[in-house]
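Below is one structure, written out as structure tokens; the observations come after it.
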């Protein structure tokens, strides 16, 4: 058992001390009786409509049937949730479990990896209780492969949390994004990412990360961003050929590469290389969007982090920059929707409080995407991006029983996703009214 795993086990004791839900969940795991969830409504996400009333039959961690009514076996336990809408568990395709609100660079300097791992277990619980039953952790920001221990502990039922795809440390160039560039270089502070400056080094790092348990590769393709007189710019970090080497190495073992890429030409290089997603996607050229549409590469806008940084800036100058960046991103988002590229939903939660990231759904609707399309981007495209299509994202027979309940009708008011009252993952109830 590795060191990080012992840290997670220690965190388990802390969680168990103040949360009887874990024990209740383990008890539910041990009893394979059928359960029927009944509610006033149910979301049929593939059809984009509400079914009323709604029922879901669950047995052995999976959905057996879903619809207006289901067959109730003689020993089925019926849970009537009342005037709520049943829907699939939400998916956040861009999270940072190892970050919390505060100065990011200082967290990684002042907090030990064991401390950050314990905090990550608490963040995972907060996200689950907010209805996010599946997530993609986009880099531990200097905590190495500690996220693999958190994922494994969740999978083994030791702690509550979402189904995780994890990347370990992100990959970046020397002096690039996340490389402690705001500190005295004589102090030799460690980068929050893992260095790789050539195709050969990229392949070597990827192989090491896969050895340590990562599910996919996260690379920083752009940074540092700037905007002057309405003109956005950001330097690229890797060439198309270097990104392609990463994509090919990941594909060799059936895995994928996601990139932090805010603008051109880095976003173009990423699309040309065939990455799995372009995260942030502040600026996309017509050619980049053509390739994304052709290859079905989703953009993951992460509006919530831009909004949060604008509202919580340390000084007025930083606030103005982040607000200008948000406004520019919002205008470009409309062009991206018109171009017909696919989208997934990711919030970049971590620098803002875990468990509050349903704000991303609200913002995407506010900025012009129809509500049903936002929910489909989250649930259908999110499941595909996480490599779990056919398993999560819909209330269908054979899918894992990841079910949440929200008040009202999410197709009429997307903000109800911020008030999740019931959470089930894999047939285990973690939250109920």
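Residue numbers (the numbering used here): 63 to 495. Ideal Cβ positions, reconstructed from N, Cα and C, are used throughout, including at glycine. None of these values were measured; they are calculated from a predicted model.
Nearest Cα to residue 116 within the set 125, 146, 134: 146. The alpha helix (DSSP H) runs lying completely inside the stretch 151-227 and spanning 4 residues or more are 166-172, 175-191, 208-217, given in chain order.
Cβ-Cβ distances below 6 Å link residue 114 to 103 in the same chain, with the five nearest sequence neighbours on each side left out; the list follows chain order. DSSP lists 112 as the beta-bridge partner residues of residue 105. Annotation for residue 469: the continuous beta strand (DSSP E) segment containing it runs 465-469. The C-beta of residue 244 has fewer than 16 other C-beta atoms within 10 Å across all chains shown, which makes the residue exposed. Between the stretch 194-201 and the stretch 445-463, the count of C-beta pairs closer than 8 Å reaches three or more; the two stretches touch. In the structure shown, residue 100 adopts extended strand secondary structure according to DSSP, grouped into three states.
The three-state reading of DSSP puts residue 431 in coil, since its state is none of H, G, I, E or B. Here DSSP, grouped into helix, strand and coil, assigns residue 291 to coil. When secondary structure is reduced to three states using DSSP, residue 260 falls in the coil class, being assigned neither helix nor strand. Scanning its chain for C-beta atoms nearer than 6 Å, with the 5 sequence neighbours on each side dropped, one finds around residue 206 the residues 231, in chain order.
Considering only 325, 458, 475, 270, the residue with the shortest C-alpha distance to residue 109 is 458. Each residue's CA atom was taken as its position, placing residue 251 and residue 488 some 42 Å apart. For residue 328, the enclosing alpha helix (DSSP H) starts and ends at 328-335. Ranked by how close their Cα comes to the Cα of residue 493, the residues 464, 473, 470 have 464 in first place.
CA-to-CA, the gap between residue 284 and residue 382 works out to about 21 Å.
Between residue 360 and residue 443, the gap from beta carbon to beta carbon is short of 7 Å.
Under the three-state reduction of DSSP output, residue 282 falls in the strand class. If you look at residue 383, you'll find it in the alpha helix (DSSP H) that goes 378-401. With a threshold of 16 other beta carbon atoms within 10 Å, residue 404 meets it and is buried. For residue 203, the closest of 123, 325, 362, 172 by C-alpha to C-alpha distance is 172. Less than 7 Å divides the Cβ of residue 337 from the Cβ of residue 319. Taking residue 469 as the centre and dropping the five residues before and after it, the same chain places the C-beta of 145, 146, 147, 478, 481, 483 closer than 8 Å to its C-beta, in chain order. Boundaries of the alpha helix (DSSP H) harbouring residue 306: 302-314, taken from the DSSP string. Collapsing the DSSP output to three states places residue 439 in a helix.
Out of 485, 486, 211, 471, the CA that lies nearest to the CA of residue 112 is found in 471. Sequence-distant Cβ neighbours of residue 139 in its own chain, meaning closer than 8 Å and more than five residues away, are 95, 96, 97, 98. Ranked by Cα distance from residue 233, the options 219, 223, 201, 125 are led by 201. Per DSSP, reduced to three states, the secondary structure at residue 142 is strand. Listed as beta-bridge partners of residue 322 by DSSP are 282, 341. Contact between residue 466 and residue 226 does not hold, since their C-beta atoms are separated by about 17 Å, which reaches or exceeds 8 Å.
Note that the stretch 425-433 does not touch the stretch 125-144; fewer than 3 beta-carbon pairs, one per stretch, sit closer than 8 Å.
Between the alpha carbons of residue 254 and residue 126 lies a distance of about 44 Å. Excluding the 5 residues flanking it on each side, residue 294 has same chain C-beta neighbours closer than 6 Å at 325, 345, 390, in chain order. With respect to the 7 Å criterion, residue 212 and residue 183 are classified as neighbours on the basis of their beta carbons.
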